[in-house]
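Numbering (full-length UniProt numbering), first residue to last: 1 to 251. Even for Gly, the Cβ is constructed at its ideal location relative to N, Cα and C. Computed from a predicted structure; not experimentally measured.
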């Protein structure tokens, strides 16, 4: 089906027409462009939103900026995943003109959505809470969270206000909603949290990840409440104990 990973609600398409299930405001067989009356955002949850002021325009691709940046499995993952999160997303001259026009004609709401990934906040205060909390392992954290996995980070993708990482799943210790069905999964992290190093994920490193599911979307996500610890062999025994603890209904 080759459904678009952001514009589509899932990977299964109509076997007769090849049509993928699109999110609101998204069209195309692969769900890769916004319909007329909608405009592109940088959110993977709502990639297309209704325009406040209607203006005649044709539908355009959700990710028509640079194929090397937005094609998930074909991008060159040659950075180390540290703090290179402030690089500008490459745009064509046409897009720059479009963005300028939108900024002058749209309401403050639309403008804030398009620039949300670079907010004017006290980063020191925002980042402070996660440094201690997210890197300590305890059975209570295991019991409270929806999923616990051992995974390797194999790729990274910049999507504006979000950063996504491709995980190769080594082992699933807990999956409360049975959402982890494949050996590879994309996991989303807010750009602000990445800038805080909360969590800090590096390519080709293995991690123990504990997090909550977002009820509004099926994809995995991490935030300041998630537990992200670089994997060490001795953790396996401890995680097996946690798993037995849960199976014995002691959580």
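Task: Endpoints, the beta strand (DSSP E) within which residue 156 is located - done: Position 156 of the chain shown, counted from the start, is the residue given in the question as residue 156. Residues 147-159.
Open item on the list: Tell me the DSSP secondary structure of residue 70 in three-state form.
Closed with: What you label residue 70 is simply residue 70 of the chain shown in a count that begins at 1. Residue confidence for residue 70 is low, a pLDDT of 33 falling below 50, so the modelled location carries little weight; the figure read from the coordinates is stated next. It is helical.
Task: First through last residue of the alpha helix (DSSP H) which encompasses residue 48 - done: One-based indexing of the chain shown puts residue 48 at position 48. From DSSP, residue 48 is part of no alpha helix (DSSP H) but of the beta strand (DSSP E) over 48-50.
Task: Length of the line joining the Cα atoms of residue 142 and residue 240 - done: By one-based count along the chain shown, residue 142 stands at place 142. By one-based count along the chain shown, residue 240 stands at place 240. So the alpha carbons of these two residues sit roughly 11 Å apart.
Open item on the list: Is the beta carbon of residue 191 closer than 7 Å to that of residue 163?
Closed with: One-based indexing of the chain shown puts residue 163 at position 163. One-based indexing of the chain shown puts residue 191 at position 191. It is a contact, given that the beta carbons lie within the stated cut-off.
Task: Residues near residue 35 in its chain [Cβ-Cβ closer than 8 Å; skip 5 each side] - done: As a working note, residue 35 is residue 35 in the chain shown. Around residue 35: 25, 26, 27, 48 and 59.
Open item on the list: For residue 152 and residue 167, which I take to be in contact (beta-carbon distance under 8 Å), what is that distance rounded to the nearest angstrom?
Closed with: The residue labelled residue 152 in the question sits at position 152 within the chain shown. The residue labelled residue 167 in the question sits at position 167 within the chain shown. That belief holds up - the Cβ atoms of residue 152 and residue 167 are roughly 7 Å apart, short of 8 Å.
Task: Rounded separation between residue 30 and residue 15 - CA only - done: As a working note, residue 30 is residue 30 in the chain shown. As a working note, residue 15 is residue 15 in the chain shown. Their backbone Cα atoms lie some 13 Å apart in a straight line.
Task: Proximity winner among 145, 234, 185 and 6, relative to residue 45 (alpha-carbon distances) - done: In the chain shown, residue 45 corresponds to position 45, counting from 1. Cα-wise, what sits closest to residue 45 is 6.
Task: Cβ-Cβ distance between residue 208 and residue 229 below 7 Å - done: Position 208 of the chain shown, counting from 1, holds the residue named residue 208. Position 229 of the chain shown, counting from 1, holds the residue named residue 229. Cβ atoms of residue 208 and residue 229: closer than 7 Å.
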